[in-house]
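J.: There's a structure below that I have some questions on.
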Amino acid sequence: MANNSNISRHLPFGEKRDSRFYGQHILTVAQFDKTDLATIFEVAQEMRAMVQRVGSFDLLKGKVLTNLFYEPSTRTSSSFAAAMQRLGGSVIQINNVQFSSVSKGESLPDTIRTLEAYSDAIVLRHPERGSADTAARYARKPIINAGDGPGEHPTQALLDTFTIREELGQLDGLTVTLVGDLKHGRTVHSLVQLLALHNVRLNYVSPESLRLPAALQAQLAAAGVEQRQQPDLAAVLPETDVLYVTRVQKERFTDMAEYERIQGSYVINAALLRSARERMIVMHPLPRVGEIDMEVDNDPRAAYFRQMEYGMFVRMALLALVLGKA
Ligand code: ASP
Ligand code: CP
Numbered sequence: 016m017a018n019n020s021n022i023s024r025h026l027p028f029g030e031k032r033d034s035r036f037y038g039q040h041i042l043t044v045a046q047f048d049k050t051d052l053a054t055i056f057e058v059a060q061e062m063r064a065m066v067q068r069v070g071s072f073d074l075l076k077g078k079v080l081t082n083l084f085y086e087p088s089t090r091t092s093s094s095f096a097a098a099m100q101r102l103g104g105s106v107i108q109i110n111n112v113q114f115s116s117v118s119k120g121e122s123l124p125d126t127i128r129t130l131e132a133y134s135d136a137i138v139l140r141h142p143e144r145g146s147a148d149t150a151a152r153y154a155r156k157p158i159i160n161a162g163d164g165p166g167e168h169p170t171q172a173l174l175d176t177f178t179i180r181e182e183l184g185q186l187d188g189l190t191v192t193l194v195g196d197l198k199h200g201r202t203v204h205s206l207v208q209l210l211a212l213h214n215v216r217l218n219y220v221s222p223e224s225l226r227l228p229a230a231l232q233a234q235l236a237a238a239g240v241e242q243r244q245q246p247d248l249a250a251v252l253p254e255t256d257v258l259y260v261t262r263v264q265k266e267r268f269t270d271m272a273e274y275e276r277i278q279g280s281y282v283i284n285a286a287l288l289r290s291a292r293e294r295m296i297v298m299h300p301l302p303r304v305g306e307i308d309m310e311v312d313n314d315p316r317a318a319y320f321r322q323m324e325y326g327m328f329v330r331m332a333l334l335a336l337v338l339g340k341a
């Protein structure tokens, strides 16, 4: 993992100086290699086993996490909070910045400086691309990017990759079909980069105006990833191992008429899935707003609710690693 921190702090008893993750920011998936993924997933497995066995335990007792969300969230915010609490730590929850001094005009750097005085790490979601990097430039405590506008959502991509591994056993050799808003979808931007560390084939199914950014396609091509634009979802379904469905990101549109025109372009339903493999999974970072019909929920291949559950274990692992206790 690239060293993205100049933190030098006093280490309380029990913290592991040698961890590659200790005190590091988590800003982009580009900072991870396959060894890092193996470490995170191994710790996430342990977290899962511990939660199943004892529910919660005091690994991060005395530690405080700040959840700072400038954009709405259900899963990321509450799974980080649950992760911290299950590890015996506590959480400062700022879910609605309009009731914080941000509404008085306080800048992001000053907000970060304030909250790091009270906590050991900060999870940040913000509407601007690059905001997590900005925060990290001013922070002495680890910043965890929970979504920077249409940029990245690295912890989601880690849990997505963990989900694929848990559900299908491995990533190598898989065909992953990504559907929907590949232009604005930050989960997609992060996920494809982690998939590129493996031997996968990628299919892109999206309206013309919502294609994966050309720069990202070029980066993946340079990494040797086989990528194909696919005009017809039904045609690629039979060869698909992972169907990754996304929401058209309404909040990134300035022209609502355009959003209305495009929204609803793809709907996954039981009839469509009849041509899919028996051993494949349907994923979605959620929330869904009509892209997957509820009739699919009881199909064993529907992995999106399990995916959401894996998220807490992965976030427990990240907190333990970053705070030097794993
Ligand atoms: N929850 C994910 C995100 O915040 C996906 C979405 O909102 O569509 O990026
Ligand atoms: N997947 C995800 O980030 O969900 P939330 O937007 O609800 O946090």
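Numbering (this note's numbering), first residue to last: 16 to 341.
Here a beta-carbon is modelled for each residue, glycine too, at the ideal position from N, C-alpha and C.
Bear in mind the structure is a predicted one, so any value in this text is a computation, not a measurement.
Taking A154 as the reference, which of A237, R128, L102 has the closest Cα?
T.: Comparing Cα positions, the closest option is R128.
J.: Following a CB-centred definition, is G162 positioned closer than 6 Å to any heavy atom of ligand 1?
T.: Yes - ligand 1 has a heavy atom lying nearer than 6 Å to the Cβ of G162.
J.: Is it buried or exposed, K156, if we count other Cβ atoms within 10 angstroms and call 16 or more buried?
T.: Buried, by the Cβ-count rule.
J.: Strictly closer than 7 Å from CB to any heavy atom of ligand 2: give me those residues in the order they appear in the chain.
T.: Residues flagged by the Cβ proximity filter: P87, S88, T89, R90, T91, S92, G162, H168, Q171, T202, P300, L301, P302.
J.: If you check the beta carbons only, do V220 and V194 fall under 7 Å apart?
T.: Yes. Within cutoff.
J.: Measure the alpha-carbon distance for A285 versus L252 and round it to whole angstroms.
T.: So the alpha carbons of these two residues sit roughly 13 Å apart.
J.: Would a C-beta distance cut-off of 7 Å place G200 and T269 closer than the cut-off?
T.: Cβ atoms of G200 and T269: not closer than 7 Å.
J.: Considering only C-alpha positions, which residue in the set R35, Q244, D73, D175 is nearest to P257?
T.: Note on identity: in this sequence residue 257 is Val, with Pro being the wrong assignment. With distances taken between Cα atoms, V257 lies closest to D175.
J.: So T112 packs on D196, CB below 8 Å; how close in whole Å?
T.: Note that residue 112 is Val in the sequence shown here, rather than Thr. 25 Å between Cβ atoms; not a contact.
J.: If you drop the 5 nearest sequence neighbours on each side, which residues of the same chain put their C-beta closer than 6 Å to that of D73?
T.: Contacts found: G103.
J.: Beta carbon of R216: closer than 6 Å to some heavy atom of ligand 1?
T.: Checking every heavy atom of ligand 1 against the Cβ of R216, none is found closer than 6 Å.
J.: So, does the segment 91 to 105 touch the segment 318 to 333, judging by three or more C-beta pairs under 8 Å?
T.: A contact exists between the segment 91 to 105 and the segment 318 to 333.
J.: Less than 6 Å separating the Cβ of R262 from some heavy atom of ligand 1?
T.: The answer is yes for R262.
J.: Assuming contact is defined by CB atoms lying nearer than 7 Å, are V297 and A172 in contact in what I supplied?
T.: Not a contact, by the Cβ cut-off of 7 Å.
J.: Does DSSP put A136 in a helix, in a strand, or in coil?
T.: Strand, per DSSP.
J.: Taking Cβ to Cβ, would you say F36 is nearer than 7 Å to L334?
T.: Not in contact: F36 and L334 (Cβ atoms no closer than 7 Å).
J.: Pull up the distance between the alpha-carbon of K49 and that of Q185, whole angstroms please.
T.: Distance between the alpha carbons of K49 and Q185 is about 13 Å.
J.: Under a three-way DSSP split, which group does Q232 fall into?
T.: In this structure, Q232 counts as helix in the three-state DSSP scheme.
J.: Keeping to the same chain, check which residues put their C-beta closer than 7 Å to that of E167; ignore five residues upstream and five downstream.
T.: Around E167: T43, V44, N160, R201, H204, S205.
J.: Secondary structure at L26, three-state DSSP: helix, strand or coil?
T.: The pLDDT assigned to L26 is 43, lower than 50, so where the model puts this residue is not dependable; a value taken from the coordinates is nonetheless given after this. Here L26 sits in coil by DSSP.
J.: Based on the DSSP secondary-structure assignment, which residues constitute the bridge partners of V44?
T.: Per DSSP, none; premise fails for V44.
J.: Pick out whichever of V311, G120, Q108 has its Cα sitting closest to the Cα of A136.
T.: Measuring from the Cα of A136, the nearest candidate turns out to be Q108.
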